[in-house]
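> Numbering-wise (full-length UniProt numbering), the sequence shown opens with residue 1 and increments by one. All C-beta atoms, glycine included, are put in the ideal place defined by N, C-alpha and C. Take this structure first; my questions come after.
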Amino acid sequence: MTSTIETRLKDLGITIPESAAPAAAYLPFIQSGNLLFTSGQLPLSEGKLVSSGLVGRDLTIEQAQDAAKHCAINVLAQAKAALGGDLSRIVRIVKITVFVASVVDFTDQHVVANGGSQLFIDVLGDAGKHARSAVGMAGLPLNAPVEIEAIIEVA
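The structure is reproduced here in C-alpha cells:
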C-alpha cells in the first residue's frame with residue numbers, strides 16, 4: 001500500500017512536508033491504542049498560511065477548499081511523523097472535524113470541508129472515507145480560514 005499511496009501523492013503533485021511543531025503547550029498528535037489523534041492543522045505551506053481571513057468575505061468557497069486541502073496534507077504530515085514515515089499503516093481516516101472561519105451568515109462549511117475530505121480519499125482510496133463534522137467559527141489561530149483535526153485508525 002505504501003507504493004500506492006506514494007504513487008497517488010506523486011500523481012497529485014503532492015509532497016508531504018515535515019510535520020509542523022506545536023505552537024503552544026500541546027502535542028501535535030497522540031496515539032491511544034490503534035487510534036491516532038491529530039491536533040488541528042492549519043493550511044500551511046512552507047511554514048506560511050496559503051490564505052487568511054473569513055470565508056464569505058476574504059475568500060471564496062474555492063479558495064477555502066484549497067485551504068482545507070492544505071490542512072489535510074498537514075494532517076497526513078503529522079500521521080507520517082507519528083507512524084515512523086509509513087503512511088501505509090493508516091487503516092482508515094475515522095473522523096475529521098473541519099473548522100471554517102466564516103462570516104456569520106455563511107452556511108456552506110460542509111462544501112469547504114470537501115476540499116480536505118476529497119484529498120484524503122484521493123490519497124488513501126477507501127481508507128480515506130470518513131465521518132465528518134464541519135462547523136463555522138468566528139475566527140481561527142493566525143487568522144487561518146480553515147483548521148482540520150483527525151482521528152485515524154492505524155495498524
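#1: Please report the Cβ distance between glutamate 153 and valine 91, rounded to the nearest whole angstrom; I am assuming they are in contact, meaning their Cβ atoms lie under 8 angstroms.
#2: Flag this pair as yes or no: are the beta carbons of glutamine 78 and glutamine 41 separated by less than 8 angstroms?
#3: Just tell me which of Leu87, Ser102, Gly56, Val50 has its CA closest to the CA of threonine 4.
#4: Can you list, in chain order, the stretches of the alpha helix (DSSP H) that have 4 or more residues and sit fully within the region 9 to 45?
#5: Which partner residues does valine 146 have in the DSSP bridge list?
#6: Using a Cβ-Cβ cutoff of less than 6 angstroms, which residues in the same chain neighbour threonine 97 once the five nearest sequence positions on both sides are dropped?
#7: In the DSSP assignment, find the unbroken beta strand (DSSP E) run with alanine 134 in it and report its ends.
#8: Kindly list the residues whose CB is nearer than 6 angstroms to the CB of threonine 38, restricted to its own chain and excluding five residues on each side of it in sequence; keep chain order.
#9: Under three-state DSSP, which class holds valine 91?
#10: Taking a contact to mean a Cβ-Cβ separation below 8 angstroms, would you say isoleucine 61 touches valine 112 in this structure?
#11: Quick check: glycine 125 and cysteine 71, are their CB atoms within less than 8 angstroms of each other?
#12: How many angstroms separate the CA atom of isoleucine 121 from the CA atom of alanine 24?
#13: Could you please give me the residues that DSSP links to leucine 49 through a beta bridge?
#14: Under 8 angstroms by Cβ, that's how I've got serine 102 and glycine 136 pegged, so tell me the actual separation to the nearest angstrom.
Inspection of the coordinates gives the following:
#1: 4 angstroms
#2: In this structure, glutamine 78 lies near glutamine 41, with their beta-carbon atoms less than 8 angstroms apart.
#3: Leu87
#4: DSSP assignment within the region 9 to 45 yields no whole alpha helix (DSSP H) run of 4 residues or more.
#5: Val100
#6: Ser133, Glu149
#7: 131 to 137
#8: Phe29, Val75, Gln78, Glu149, Ala150
#9: strand
#10: yes
#11: no
#12: Going from the Cα of isoleucine 121 to the Cα of alanine 24 covers about 30 angstroms.
#13: Leu44
#14: 5 angstroms
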